Each structure stands twice: as structure tokens, then as C-alpha cells.
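**Q**
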Amino acid sequence: MDDRIDTLTEQISGLEHDVENEQFWDRVGAVLDDVFAQQKALVIQRLRQELKQRTAECRSRLDGIGQQQLRIKEMLSLGQVLETENTIESKVQELRRLKLQLGRLQREYKPELKPGRAKITSRAGRAAEIPDSVRNYRLPRGPRQNKSLSVRQLYEAWFVGNASTPDKMPIRTLLQQYPQWSSTETTYFNRLQRVARLLELVAGEEGDVAGAVARVEAYMAKEKIPGINALSDQCSKQKGAPGMAQVVERVRETKGSELN
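Numbering-wise (the working numbering), the sequence shown opens with residue 11 and increments by one.
1) Which same chain residues end up closer than 7 Å to GLY52 when comparing Cβ atoms and leaving out the 5 residues on each side of it in sequence?
2) Could you compute how far the alpha carbon of SER246 sits from the alpha carbon of ALA231?
3) Would a C-beta distance cut-off of 9 Å place VAL161 and LEU209 closer than the cut-off?
4) DSSP three-state call for TRP35: helix, strand or coil?
5) With DSSP run on the structure shown, which of helix, strand or coil describes TRP191?
6) Taking only beta-carbon atoms, is PRO236 less than 9 Å away from chain D?
7) Just verifying my parser: in three-state terms, what is the DSSP assignment at GLN248?
8) Could you tell me whether the region 200-217 touches the region 238-252, where touching means 3 or more Cβ pairs closer than 8 Å?
9) Cutting at 8 Å between CB atoms, please list the residues of its own chain near ASN4, excluding the five before and the five after it.
10) Is GLU20 helix, strand or coil when you go by DSSP?
11) Pull up the distance between the alpha-carbon of GLN49 and that of VAL212, whole angstroms please.
12) Let me make sure I understand the geometry here. Which of GLN79, ILE82, ALA224 and GLU139 has the alpha-carbon closest to that of LEU185?
13) Can you tell me where the alpha helix (DSSP H) with TYR229 in it begins and where it stops?
14) CA-CA distance, LEU18 and ARG56?
15) Rounded to the nearest angstrom, what separates ARG225 and ILE54 at their Cα positions?
16) From ARG148, LYS249, LYS109 and GLU215, pick the residue whose C-alpha is nearest to that of THR194; which is it?
17) Assign LEU123 to one of two classes, buried (16 or more other C-beta atoms within 10 Å of its C-beta) or exposed (fewer than that).
18) Which residue's Cα is closest to the Cα of PHE199: VAL219, ARG107, ILE181 and SER174?
19) What is the residue span of the alpha helix (DSSP H) that SER143 lies within?
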């Protein structure tokens, strides 16, 4: 017993020393800087791709209108349609209409970047076109056939992003950026989404979803829940299931010793 107390005393002393050690916090700061830099690079990359795509679309539309104007001017200059004053007036009106249309398109397709979301829309509210990498995305599975995904694997795919997600984009961001996208694996997607929602509810206002993962894992170990498929069933409204609110309460009541 004394040996354990001595060991704990040494560990606490080491922690106290680290708290007052500027080099320790410098290392922590360096790790955080790396994480922020990686996230910043990913956001900039996605924004660049979207802006490039939208700019190309605007340029194509503008070139089309310009070509139409050029053809009309050539027809007017060659006298091919100058039969009456009414014809001339109609072409002038057409040119004016095209000019107004050009101005409207320029205003409508001006990129808008909303804070906190890597999404570009037109002023008319049209969402960004879904790229093939998103359209053909298959939801993550467990390491073996029919083996359920772990909570930590779901957290990484849904909230962080990894090499298997489109452009390393978290599924949560994917749903925000492409709200019109829907998975063809509807039942499985609903299971993953339900467990992701559980993590958010357990995290609460603090938003510590990573911390919620450990609590949910401890709860699953305590209740002998084999994977997120079974966990999702517990959170569902099906008969005999405790339901989302009850599971959240049970997870939050998990004792600290069970998290180790």
C-alpha cells in the first residue's frame, strides 16, 4: 500500500513539475499548431477546388453570352436582318436584355463563403454540385466482413476525416457541404448517424466529442454491447429499446473507474 502511495506521489509531483514547466507547454503548443495547420490546409484545399469549379462555370456562361452578343452584332453589321426599323429595334432590345442577363449572372454567381463552413453557393441558393468522390462514397465498415465498426472508427470518419473519406473530409462536413447528397446504404447510414448523434449528446455543450468516445466505449464494455450496430439499436425507438435519452443518461452516469 505504501509503495502505491509513493508511486502516486511521484507521478503527481511529475505532473506538478510539468504544469510549471514552460518547455512542456511549448511542446503542447507545437502539437496544437500542427493540428491547426493540417486542418487549415484541408479547408484551403477544398475552398480552392470549389472556387476553381465555380469560376470555370461562370466563365463558361459568360463566354456563351459573349458569343451570342457577337453573333447578333455581326448579323446587324452585315445587314442580314435589317429589313425594317422594327427589326433593328428588336435587336437593340435583345442586346439590352442580354446585357441585363449578363449583369444578373455576374451577381448571382459571385462566390459566397460562410464562416465555419467550406461551402460555396450562388446567390440563388443552389448548392455546390456533388463531385464523383462524394457521389460514389461507400460508408466505412469493420475490419472483417459483418464485423461492426467501433465507436472510435466511427468518430474518426464522422467528425475528423481520414484517407477513406472523400478528400479526407469528415462525413459531418460532407453532409453540411452537400445537403442534397444521400447514401444509397440507407439503413446502415441511419445506424451510423444515430451513434454519431449519441456522441454529440454525450459531449453536451462542451462539445468534447473525443471525450465522449471514451465514455461510450466504457458503457459498451460494461453492458457488453458488441458494436455500434447493437448500440444504435439501443438508441432507436424500436420496441424494447431504452431509447436515445436513456442511453445518454446511462453513459453520463458511467463511473470514472470504468473509463480507465
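Positions of the beta carbon are idealized from the N, C-alpha and C atoms, including for glycine. Please read all numbers here as calculations on a predicted model, not as lab measurements.
**A** In short, the structure shows the following:
1) Just to set this straight, residue 52 is Leu in the shown sequence, not Gly. So the qualifying residues of the chain are LYS178.
2) Spanning the two alpha carbons is a distance of roughly 19 Å.
3) In this structure, VAL161 lies near LEU209, with their beta-carbon atoms less than 9 Å apart.
4) DSSP, read as helix, strand or coil, puts TRP35 in helix.
5) Of the three classes helix, strand and coil, the one that applies to TRP191 here is coil, per DSSP.
6) No chain D is part of this structure, which consists of one protein chain only.
7) The answer is coil: DSSP assigns GLN248 none of H, G, I, E or B.
8) The region 200-217, when compared against the region 238-252, does touch it at the 8 Å Cβ threshold.
9) For the chain, the structure presents residues 11 to 270; residue 4 sits outside this window and is missing.
10) Note: GLU20 maps to helix in three-state DSSP.
11) Between GLN49 and VAL212, the C-alpha separation is close to 24 Å.
12) Of the candidates GLN79, ILE82, ALA224 and GLU139, the one whose C-alpha sits nearest the C-alpha of LEU185 is GLU139.
13) Start and end: 219-233.
14) Spanning the alpha carbons of LEU18 and ARG56 requires a straight line of approximately 48 Å.
15) Looking at the backbone, the Cα of ARG225 and that of ILE54 are separated by about 33 Å.
16) The shortest C-alpha separation from THR194 is found at ARG148.
17) Low confidence applies to LEU123: its pLDDT is 40, below 50, so where it sits in the model is not reliable enough to give any reading.
18) Per the Cα distances, ILE181.
19) For SER143, the uninterrupted alpha helix (DSSP H) run begins and ends at 142-145, by DSSP.
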